[in-house]
Amino acid sequence: MRWPRPIAVTLAGWLFIAAGSIGLIYHAGELLPPSGPTAGAFGVALIRVLAILSGVFLLRGARWARWLALAWLAYHVALSALHSPLELAVHAAFLALVAWALLAPAASAYFAARQPLPAGPTPPGG
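Just so it is clear: in the sequence shown, position 72 is 172 by the numbering used here, and no numbers are missing.
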């Protein structure tokens with residue numbers, strides 16, 4: 101049975117794709133400075149690619165993608181702790197909202213229904 105994707109999962113998936121894509125475009129110039137790319141620039145690009153991957157696989161119903169998305173946001177909460185208290189509060193609230201959306205019963209049922217069934221013994225004659 102195909103379980104319909106909850107709207108919250110759809111919104112979260114597209115939000116992560118958009119955030120990763122915009123961030124990757126914004127920081128693309130750092131990958132091509134006159135002296136060559138730096139390790140920090142590759143790290144920033146990797147973080148953006150992880151956001152895109154989590155968004156794509158959220159839309160595909162991969163259970164692991166919701167944990168990647170939440171880890172990605174938790175990382176940003178930790179980074180924002182180094183900045184202003186307002187930025188920390190906004191990121192923490194956003195993490196709570198996305199966690200609620202991706203861990204809600206409807207989302208959990210959607211992700212569980214999208215997982216392949218475990219392989220069992222082969223029936224006789226099959």
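From the three backbone atoms N, C-alpha and C, an ideal C-beta is built for every residue, glycine too.
Give the single residue among the options whose Cα lies nearest to the Cα of residue i.
i	options	result
Arg-214	Trp-200, Arg-163, Ala-196 and Val-198	Arg-163
Ala-209	Ala-171, Ala-199 and Gly-161	Gly-161
Ile-122	Gly-129, Val-109, Ala-108 and Arg-148	Arg-148
Ala-141	Tyr-126, Leu-195 and Ala-118	Tyr-126
What's the gap between the Cα of residue i and the Cα of residue j?
i	j	result
Leu-115	Leu-131	24 Å
Leu-203	Pro-134	45 Å
Ala-165	Leu-182	27 Å
Tyr-175	Pro-205	25 Å
Gly-129	Val-109	31 Å
Ser-184	Gly-143	23 Å
Ala-193	Ala-139	30 Å
Ser-180	Pro-104	35 Å
Return the first residue and the last residue of the alpha helix (DSSP H) that residue i is part of.
i	result
Leu-182	It is not in any alpha helix (DSSP H) - Leu-182 carries neither H nor E in the DSSP assignment.
Pro-106	Element bounds for Pro-106: n/a, residue is neither H nor E.
Ala-207	205-214
Ala-145	139-160
With 16 as the cutoff for other CB atoms within 10 Å, does residue i come out buried or exposed?
i	result
Phe-211	buried
Trp-172	buried
Ala-189	exposed
Gly-106	One detail in the question is off: residue 106 reads as Pro in this sequence, not Gly. Buried is the call here.
Are the region 148-157 and the region 113-127 in contact at 8 Å, needing three or more beta carbon pairs? Output reads yes: the region 113-127 touches the region 148-157.
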